[in-house]
Every structure is written in C-alpha cells, then in structure tokens.
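Report on one structure; see the data block that follows.
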Amino acid sequence: MDGTLSQRTCDGGVLTPPSSQRFCDEFAALLFASLRRREQRHKAQQYVCGLLVLPGRKTLRNVAAQFEGAAARQSVHHFITESSWDWMPVRHALARCVHEAFDPQAWVIRPTMIPKAGSHTIGVDEHYLPQLGQAVSGQQAVGAWLASSRCALPVGWRLVLSERWMRTPLRQRSSIPSGAAASTLDECVRGVVADTVAAGEVPRVPVVVDAQLADAVGLARHLGSLGLPFLVRVDPDEHLRLDTRKLPMYGGRERTAGELATNLTRLWRAVDPGDGPTLAAAIPVVGPRRPSSHGDTKLLLVGEWPRDGRSGGRLWLTGSPAVSLAPVLALTRLPDVVARDFDTISEGVGMRDFAGRSFPGWHRHVTLASVAHCIAAWPMRTAVGL
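At position 278 of the sequence shown the residue is numbered 278 (UniProt numbering), and the sequence of numbers has no breaks.
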C-alpha cells in the first residue's frame, strides 16, 4: 500500500475510529468499484476517512500530511490532482446508494458560495450575492442534493467558470479539459440536472431549484421539456402573465411575480404543509412572450405568506397542476434542509477547503467530501427507525 493514515487523536473530527471504521471501509468499497486499480480504491477510501476524522481545515495538503512517508503524501496529491480516475461514476454510485437508503423526497439544486482570498484557486472570481447586495471573491458551485425533511445529501457538483479561466495559460495550468466551456449559473444548473438524470436507476423525484439570479422561467421551461416534475424559485421582480384561459376575468399583460401573488388575495388558501398553518396560493401563469415561441408554457406561480398576510414569502414556479398545495409547500422547505446540512456536516468534512488550482482536483475533492458527508449523515437514516 502507498500509505496509511497515522493513528492520531482526532478531536473535532466527524468519525471516531475504530467503531465507524468498518462501515466507512465497506461503504467506500461499494462506491469506488469504478476505480480500476486497487491502490486507487485504497487511496480514495483513506482520503475519505481523513476528511472524516482529521481536525481543522481539510485541505489537500492537510489530508496528505496524515499519510506516513513523503512518497505516500506526494502520491495522494497526484491521486487528487493528476490521476486519470473519473469522478462521475463515483457520484452516480453515491446517488443510487443514497436514494435506496434514505428514500429522499426530491432533488434540490442549489448554488453555494465558497469565499476565497487571492485569484489562483480554481474558479475564483467576483460573484454578486443578492442576499448581501455586494460582490464576493470566491468560487460559486452548484450542488445536486437528494433531500428529505430529515437530511440532505450531496451527490453532484458543477463549478461556475468565467471566460478568464478559458484563456491560455490559465486554462492549461488548471488542467481544464478541452471540452469544458465557460459556464454561467444557469448553465451549471442545467448541467447538474443533466448529470442527475444520467445517474440511472434513480427514480425521477421532483427537482427543486433554489438559485437566485438564475433565469427561473427559462429553467422551468427546460425542466418541463425533460418531463421532470419541478419547483423553481422565482424572484418577485420576474415578469409573468396570467393564464387568461384559467383566469379569464383578468388581463394578460405582463406583471411581476410579486405583484401577481400579492394582489390576487381571493386565491389565498389556508394550508398546513406539516410544519404549521400558513397562507398560500397557486396562480396559473405563463412566461413572458418570446419572438420564437410556438406556444406558452403553462405554469403555476406558488406563493406563501405568514398567517397575518403582511409580509411575503418565497415564490416558486411549478409545471404540475396542484391538487393540493400542502405537498408542494413541503418541497419548498427542502432547500433549508440543504443549507442546514451544508453548515453542520459538509463544512466539517472539508467541502469548502480545496485550495488548489486544478479543475480535476476540485471535482475529485468535492466528490470524496460528498462521500464523507453521506457517511457522517448515515445515523439520520436509522434515527427514525428505517
């Protein structure tokens, strides 16, 4: 073997050997079957265990430092940044395993901002964050999570890359493949959805997209064209039109989603999605007119308000006729589960910690960190008696 983790006191780690070591080994062996060589599978397993047990930041340097011998540590660097193993089969195996074990309610597609100082780490650029009202330097990644009300588990990732990363020599130094192109937030959302569909053997549960600044109507149309049930968060300032065939007493001029949801009070209903009563409405709408359109995409604008009706909540677009708003609203809670589990689990296994310039290295690190997250979250499966 190229090296083994030294046995150290692991205060602050997520996994405590040896009680969890056997499970970690067996789970990793199942997910890493696509790696051709035994030594690759061993390194992947040891890397995941390092992410779980080591205290502090889980940078590649820090994880590699736990392997005995300089040659072994260098081999770990090569395994993450320069090896030829493909991360996609590992992600697909993880998605299938998670779906079978956790019975998730939906896919949640959600961007994550990873602040980084400097400009050399792969993907670092200035990204505007609407919740802060300012630009922040860092990476913007789009994650695909299988989520339920109990827990959320990451199984896929895309990294937003600006045009500057496509230029030589930066592209060469970062080992960005020739087939990769600059990608916007919208393109990453579509790409990670395509990756989830390609996973195979994973039933088509609803897709919930919570991505501010994304083209909500365009994404809704795209997901509908794939035949996927979906919910897409929409900005209150997004322009929509009422579906006059469903609401003939109203005009069909464009209005903002916030205006439609606020003014059509007669459509509000008392609903309990399982976490307490709320007010909600499902409003038939279509997107703005497009010159090349051969028909309007029929959508429902779903809005929710506190019982006092004084302050608005989040707005969503769906393509599914809502027989009952309660299950639809239950799905809108899942992005909050993702945010919670990213903070409480993903952070602890180093999801934000890759600091290298290698594009393949980033993907391999976050793939193995996703495996570590799922191992750390495994007790949530048995906590409810599954």
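By construction, the Cβ of each residue, glycine as well, lies at the ideal position given by its N, Cα and C atoms. Predicted model, so just to flag it, every value in this text is computed and none were measured.
Query: With a threshold of 8 Å on Cβ separation, who are the neighbours of residue 36 within its own chain once the five nearest residues in sequence on each side are excluded?; Result: 85
Query: Is the beta carbon of residue 40 closer than 9 Å to that of residue 79?; Result: yes
Query: Where residue 230 and residue 250 are concerned, what is the direct C-alpha to C-alpha distance, given to the nearest angstrom?; Result: 26 Å
Query: Quick check: what's the CA-CA separation for residue 361 versus residue 182?; Result: 18 Å
Query: With a CB to CB cut of under 8 Å and the five nearest residues on each side skipped, what residues in its chain are close to residue 58?; Result: 50, 51, 349, 350, 353 and 369
Query: Using CA coordinates, which residue listed in 227, 306, 217 and 287 is at the minimum distance from residue 387?; Result: Since the first residue shown for the chain is 1 and the last is 386, residue 387 is missing from the structure and cannot be characterised.
Query: I need the boundaries of the alpha helix (DSSP H) containing residue 88, first residue and last residue.; Result: 87–102
Query: Any beta carbon of chain B sitting closer than 9 Å to that of residue 182?; Result: Absent from the structure: chain B. Only one protein chain is present.
Query: Name the one or two DSSP bridge partners that residue 304 has.; Result: 280
Query: Entirely within the stretch 206–241 and at least 4 residues each: give me those alpha helix (DSSP H) ranges in chain order.; Result: 216–225
Query: Pull the bridge partners of residue 127 from the DSSP assignment, please.; Result: 136
Query: Which class does residue 162 belong to by DSSP, given the choice of helix, strand or coil?; Result: coil
Query: Do you know offhand how far residue 318's Cα is from residue 240's?; Result: 13 Å
Query: Kindly indicate the opening and closing residues of the beta strand (DSSP E) around residue 110.; Result: 106–115
Query: Going by the CB atoms, is the gap between residue 208 and residue 232 shorter than 9 Å?; Result: yes
Query: What distance in whole Å lies between the Cβ atoms of residue 192 and residue 158, which are believed to be in contact at a cut-off of 8 Å?; Result: 5 Å
Query: Assuming residue 254 is part of the beta strand (DSSP E), what are its boundary residues?; Result: 254–256
Query: I think residue 325 touches residue 105, with their Cβ atoms under 8 Å apart; what is that distance to the nearest whole Å?; Result: Rounded, the Cβ-Cβ distance is 16 Å, inconsistent with contact.
Query: Residue ranges of each alpha helix (DSSP H) run of no fewer than 4 residues wholly in the stretch 314–382, ordered along the chain?; Result: 325–332, 334–341, 359–377 and 379–382
Query: Quick check on this structure: which residue in 203, 56 and 176 has the alpha carbon closest to the alpha carbon of residue 102?; Result: 203
Query: Please say whether residue 176 and residue 142 have beta carbons closer to each other than 9 Å?; Result: no
Query: What are the boundary residues of the beta strand (DSSP E) that includes residue 173?; Result: Looking at the DSSP string, residue 173 is not in any beta strand (DSSP E); the run it does join, the alpha helix (DSSP H), is 170–173.
Query: Closer than 7 Å by C-beta to residue 228: which residues in its own chain qualify, once you throw out the five before and the five after it? Chain order, please.; Result: 204 and 207
Query: Buried or exposed: residue 389, going by 16 or more other Cβ atoms within 10 Å of its Cβ?; Result: Look at the range of the chain in this structure, 1 to 386, and you will see that residue 389 is not part of it.
Query: For my contact list, residue 331 and residue 261 are in at a C-beta cut-off of 8 Å; report their separation, rounded to the angstrom.; Result: The Cβ separation is near 18 Å, so there is no contact.
Query: Is the separation between the beta-carbon of residue 185 and that of residue 217 shorter than 9 Å?; Result: no
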